[in-house]
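So the protein lines, in turn, are chains A and B. Position one of the first sequence corresponds to residue 1 (my numbering), numbered consecutively onward. Position one of the second sequence corresponds to residue 1001 (my numbering), numbered consecutively onward. What follows is a single structure, written as structure tokens, with notes after it.
Number of protein chains: 2
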Amino acid sequence: MTTTKPVRQAPTKAEYDAFLAACPSRQLLDRISNKWVVLILCALGGDAGDGAVEEGRLDGSGRPGEIDTARAMRYSEIARLLAGVSQKMLTQTLRALERDGLLTRTVTPTVPVTVTYALTDLGRSLHRLTRELRHWAQTHMDEVLAHRRQSETPTT
Amino acid sequence: MTTTKPVRQAPTKAEYDAFLAACPSRQLLDRISNKWVVLILCALGGDAGDGAVEEGRLDGSGRPGEIDTARAMRYSEIARLLAGVSQKMLTQTLRALERDGLLTRTVTPTVPVTVTYALTDLGRSLHRLTRELRHWAQTHMDEVLAHRRQSETPTT
DNA sequence: CAGCATCCCTTCTGATACTG
DNA sequence: CAGTATCAGAAGGGATGCTG
């Protein structure tokens, strides 16, 4: 396996600041702050299956290899898992993520061509966050719904 | 018909699944997966200042009270910090977050009216993720840029 | 199967002008 | 100061038809 160790030598300074409009990290934040990006990362990260995110896995310091069920998925698999995604958006988002180095696209010249997508190390590092993001949404859904309900009642 | 219904009486109830198009958590994920939402949460969470997110704070288990510099901010403060945001988007996003119970809006009837925004507990819980999201974007910016560059070169 | 191309509608987003 | 209201362009997103 490719054991790519992040070669950080000077993590001290803040080269990028997403608060600044012109900063490239602002654009990157815009790209990863996307419904489909989050779900695709979750899919390739192995958060699929029953759909729910296990509580125990979220502490991050579990058994490595178990939490990272990062498997390659075919295009149609992803499309099936991400209910409601259009072919256009899926392809578009996958290509963007490929360009940014978050996932790899592998074409196997079988009879009907087979295309698989898999997370890179970079993608896996982001997947830890997207998984939690999805988990947060599912966990706090009730609280949000309750607050919305009581907000829409301005009756004195 | 609707046959696949995961009604398994699991101990940890998986009521919501963002992979499903009709699930409310999908909409919630869509809302929080937003550039401005992330930045507003970061702003109110106290990630401002020099702009950089400290490395040491990210483990999450630091000294509480220090990492949560969640302070109330005025409208103009937020607008100034989030460079490039239009007042329309800012107001719109703030109201949405208020409805969802992620932040509070306080109007003080001073001479020129003063409006302050502050995170709720719910908002703070999400802020932990948005902070890491922003941090990820700023930290991995170089890797992404490098990969983009080599992607746009077919390298025969 | 895994796309790409096209049409078309909706939403987002920024800019401008105007109040309490 | 902290909005609201409106306009117009840009981007998001879906539906359909067509390839290798």
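For each residue, glycine too, the CB sits at the ideal point set by N, CA and C.
{"Asked": "Endpoints, beta strand (DSSP E) assigned at B:Leu1103", "Found": "1103-1108"}
{"Asked": "Identity of the residue in A:Val38, A:Val111, A:Ala18 nearest A:Leu119 by Cα", "Found": "A:Val38"}
{"Asked": "Per-residue burial, A:Lys88 [other beta carbons within 10 Å of its own, 16 or more giving buried]", "Found": "exposed"}
{"Asked": "Beta-carbon proximity list for B:Ala1043, same chain, < 7 Å, skipping 5 on both sides", "Found": "Met1073, Ile1078, Leu1081, Leu1082"}
{"Asked": "Below-7 Å beta-carbon distance, A:Ser76 vs any chain B residue", "Found": "no"}
{"Asked": "Supposed close pair B:Trp1036, B:Val1085 - CB separation, criterion 8 Å", "Found": "6 Å"}
{"Asked": "Contact under 7 Å by Cβ, B:Leu1097 with B:Leu1103", "Found": "yes"}
{"Asked": "Which of helix, strand or coil DSSP assigns to A:Arg80", "Found": "helix"}
{"Asked": "Distance between B:Ala1048 and B:Ile1040 (C-alpha atoms, nearest Å)", "Found": "10 Å"}
{"Asked": "Spatial distance of A:Asn34 from B:Arg1031 (CA atoms)", "Found": "9 Å"}
{"Asked": "Proximity of B:His1140 and A:Gly101 at Cβ, strictly below 7 Å", "Found": "no"}
{"Asked": "Buried versus exposed, by CB contacts within 10 Å (16 or more), B:Gln1138", "Found": "buried"}
{"Asked": "B:Gln1138: contacting residues in chain A (beta-carbon distance under 9 Å)", "Found": "Ala14, Glu15, Tyr16, Asp17, Ala18, Cys23, Ser25, Leu28, Leu29"}
{"Asked": "The alpha helix (DSSP H) enclosing B:Ala1137, as first and last residue numbers", "Found": "1121-1139"}
{"Asked": "Limits of the alpha helix (DSSP H) - the one that B:Glu1098 falls within", "Found": "1087-1099"}
{"Asked": "Status (buried if at least 16 other CB within 10 Å, exposed otherwise) for B:Val1144", "Found": "buried"}
{"Asked": "Sequence-distant residues of the same chain with beta carbon closer than 6 Å to A:Leu163, five excluded per side", "Found": "The structure shown does not extend to residue 163 of chain A, since chain A is modelled only from 1 to 156, so the question has no answer here."}
{"Asked": "Start-to-end residues for the alpha helix (DSSP H) that takes in A:Pro24", "Found": "24-32"}
{"Asked": "Within-7 Å CB hit, B:Ala1083 to chain A", "Found": "yes"}
{"Asked": "Simplified DSSP assignment, three categories, for B:Thr1004", "Found": "Legend: pLDDT at B:Thr1004 = 44, less than 50; position of this residue unreliable, value from coordinates given subsequently. Reduced to three states, the DSSP call for B:Thr1004 is coil."}
{"Asked": "Inter-residue CB distance, B:Arg1133 and A:Leu122 (contact presumed, cutoff 8 Å)", "Found": "A small fix is needed here, since residue 1133 of chain B is Leu in this sequence, not Arg. Their Cβ separation, rounded to whole angstroms, is 14 Å, which puts B:Leu1133 and A:Leu122 out of contact at 8 Å."}
{"Asked": "Continuous alpha helix (DSSP H) stretch holding B:Leu1039: start and end", "Found": "1035-1044"}
{"Asked": "Close-in-space but distant-in-sequence residues of the same chain around A:Thr93 (CB under 8 Å, 5 per side omitted)", "Found": "Asn34, Trp36, Val37, Ile40"}
{"Asked": "Amino acids of chain A, ordered along the chain, whose beta-carbon sits closer than 7 Å to that of B:Gly1101", "Found": "Glu143, Val144, His147"}
{"Asked": "Test: A:Val115 CB closer than 7 Å to a CB of chain B", "Found": "no"}
{"Asked": "Beta-carbon spacing of A:Ser151, B:Arg1099 below 7 Å", "Found": "yes"}
{"Asked": "Straight-line gap, A:Val115 to A:His127 (C-alpha atoms, nearest Å)", "Found": "21 Å"}
{"Asked": "Contact check, A:Arg131 vs A:Gly46, beta carbons under 7 Å", "Found": "no"}
{"Asked": "Test: B:Ser1151 CB closer than 7 Å to a CB of chain A", "Found": "yes"}
{"Asked": "Alpha carbon of A:Arg26 to alpha carbon of A:Tyr16, nearest angstrom", "Found": "9 Å"}
{"Asked": "Listed by chain order, chain B residues near A:Ser33 by CB distance under 8 Å", "Found": "Ser1033, Asn1034, Lys1035, Val1037, Val1038, Leu1133"}
{"Asked": "Counterpart residues of B:Val1115 in DSSP-defined beta bridges", "Found": "B:Val1107"}
{"Asked": "Selection of the region 118-129 of chain A by Cβ proximity to chain B, strictly under 9 Å", "Found": "Thr120, Leu122, Ser125, Leu126, Arg128, Leu129"}
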